[in-house]
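With the sequence shown counted from 1, adding 123 to any position gets you the numbering used here. The beta carbon of each residue, even a glycine, is placed where N, CA and C say it ideally should be. Treat the numbers as computed from the prediction; the structure is a model and nothing was measured. Below you'll find the structure, written out as structure tokens, and then a few comments.
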Amino acid sequence: MTGIGPGMGGPDLIIAHLYPDLLRTYGDRGNLITLVRRAEWRGFSVRVVGVTRDERIPARANLVLIGGGSDRLQAIVGPDLVARRPELEELTAHDAVIFGICGGYQLLGDFYVAADGRSMPGLGMLDITTGPGKGRIIGRVRAQATLYGDTFECVGFENHGGRTLLRTSSATPLASVPHGQGNNGADGTEGAVQGNVVGTYLHGPVLPATPAFADALLRRALAPRTKGAPLEPLNDRLEEEAHALARTLRR
Ligand code: GLN
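As structure tokens, then:
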């Protein structure tokens, strides 16, 4: 790899994986593996740091991953996560990307009211709110996404009771979906993006079979090293096969 040095002696990319012991529904860890491999295949050095309750996120982290989980697990991690707001704001001020899935996505918002009516404060880093609805939204999803100038189709699986509303135009939808799916089953939106904070309901995991999604996140997270230069293309034959297969699956 030319033109991209390790700079200041540290790894090119530090990924903080929050609560790997608790938030890990439906293969969310596969997102981490995809991000690591796609960066390494391009010659970047990567360090992964698992961070659970009461542990610090490395000050130079470039990408923070938060997986999904049940209401019970969200209530367990919630207070610890909310207390991290200054830490996380400091990171995004230095161009780090925060990526949350389902339960993690909900907790990036202002609050989450769980199925039993219990209200949990969120980080307030995405201008969204989530409350209960009638029944759960469960099933395979094909979503048309736009992220940081790239457009692509995401394939994933969703299972959530929470209905998410984007409150203002500060948060824009990540994707559009058919009625009955996505953020709330009603407005055809899926996920949200606000600057360097990105959330989605898609498990699966979503990134291995949607490599363009992984690359959009990586390009943004690596920007301090690459100045936002395009990432080298990879041979995505297997990923494309997985994507094509996933889009044929029904429930
Ligand atoms: N507990 C949340 C809900 O049901 C999130 C679930 C998840 O992460 N799959 O809405």
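Give the C-beta separation of G375 and V236 to the nearest angstrom, bearing in mind that I take them to be a contact with Cβ-Cβ under 8 Å.
No information on residue 375 is available, as it lies outside the stretch 124 to 374 that the chain covers here.
Using 10 angstroms around the beta-carbon of T125, count the other beta-carbons present and answer buried if the total reaches 16, otherwise exposed.
Working through the sequence shown from its first residue, we reach residue 125 at position 2. Note that T125 has pLDDT 33, beneath the 50 cutoff, so the model's placement of it is unreliable and no number is given.
Would you say the segment 282 to 296 touches the segment 311 to 324, given that touching needs at least three Cβ pairs under 8 Å?
They touch, by the three-pair rule.
Please report the straight-line C-alpha distance between P129 and T349, rounded to a whole angstrom.
By one-based count along the sequence shown, residue 129 stands at place 6. By one-based count along the sequence shown, residue 349 stands at place 226. Residue confidence for P129 is low, a pLDDT of 43 falling below 50, so the modelled location carries little weight and cannot support an answer.
On the CB-based measure, 16 or more other CB atoms within 10 Å of its CB, does I180 come out buried or exposed?
For the purposes of this step, residue 180 is taken as the residue at position 57 of the sequence shown. Buried, by the Cβ-count rule.
Does the beta-carbon of R140 have 16 or more other beta-carbons within 10 angstroms, so that it is buried, or is it exposed?
Translated into positions along the sequence shown, residue 140 becomes position 17. Note that residue 140 is His in the sequence shown, not Arg. Buried.
When you compare only the Cα positions, how much space is there between A268 and L155?
Counting from one through the sequence shown, the residue named residue 268 turns up at place 145. Counting from one through the sequence shown, the residue named residue 155 turns up at place 32. Roughly 20 Å separates the two Cα atoms.
Helix, strand or coil, according to DSSP, for D338 in the structure here?
For this step, residue 338 is matched to residue 215 along the sequence shown. Helix.
Which term fits G327, buried or exposed, when burial requires 16 or more other beta carbons within 10 angstroms of its beta carbon?
Position 204 of the sequence shown holds residue 327. Buried is the call here.
Does DSSP put G226 in a helix, in a strand, or in coil?
To locate residue 226, count along the sequence shown from 1; it is residue 103. Looking at G226 - three-state DSSP - the assignment turns out to be helix.
Cβ of H107 versus every heavy atom of the ligand GLN: is any distance shorter than 7 Å?
It is not possible to answer for residue 107, since the shown part of the chain is limited to 124 through 374.
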